[in-house]
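*Asks:* Numbering (the numbering used here), first residue to last: 7 to 163. Glycine included, every Cβ here is placed at the ideal spot set by N, Cα and C. These figures come from a predicted structure and were not determined experimentally. Can you read through this structure? Questions will come right after.
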């Protein structure tokens, strides 16, 4: 028996409100594409993170499209991304707080170079920090079986 998924009117309204707020500060679909392309160009050539990403990602165009879907979901609440980022990151043994901090620094530099407004930069960077905190917490729980009292190793701007 097939179930038809329906969107509750409030959910659709909330989704539209989130997208409109992001677009009001310049975060439209075109900017998300530019941000992802620019960021991963930095990642691919980075001495620390490049080898980690390049050893795992064999089809960069497909990965970039998935990351665009991910960020549209994060910033526009588009619902276009489905997947388990935690599972992907837990399987990378060399990822620790140092790598997440470096990832955040590269991301912040990308935003400084490309963001259409300070409000856009702040919004996206805030979400990036939450994502990094969440992923690092999940990795530590998975590896150590412990919940850290607070993510003290991930430094916020």
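1) Looking at C-beta atoms only, is the number of pairs between the stretch 29–46 and the stretch 127–135 that lie closer than 8 Å three or more?
2) Nearest CA to the CA of residue 38: which residue from 67, 73, 23 and 52?
3) Closer than 6 Å by C-beta to residue 83: which residues in its own chain qualify, once you throw out the five before and the five after it? Chain order, please.
4) Report, in whole angstroms, the separation of the C-beta atoms of residue 108 and residue 55, which I expect to be a contact under 8 Å.
5) Whose C-alpha, out of 58, 103, 112 and 35, is nearest the C-alpha of residue 45?
6) Could you give the C-beta distance for residue 131 and residue 114, rounded to a whole number, given that I count them as a contact under 8 Å?
*Replies:* Let me lay it out:
1) Two segments are said to touch when three or more pairs of C-beta atoms, one from each, lie closer than 8 Å; by this definition the stretch 29–46 touches the stretch 127–135.
2) 73
3) 21 and 24
4) 6 Å
5) Sorting 58, 103, 112 and 35 by C-alpha distance to the C-alpha of residue 45 places 112 at the top.
6) Their Cβ separation, rounded to whole angstroms, is 6 Å, which keeps residue 131 and residue 114 in contact under 8 Å.
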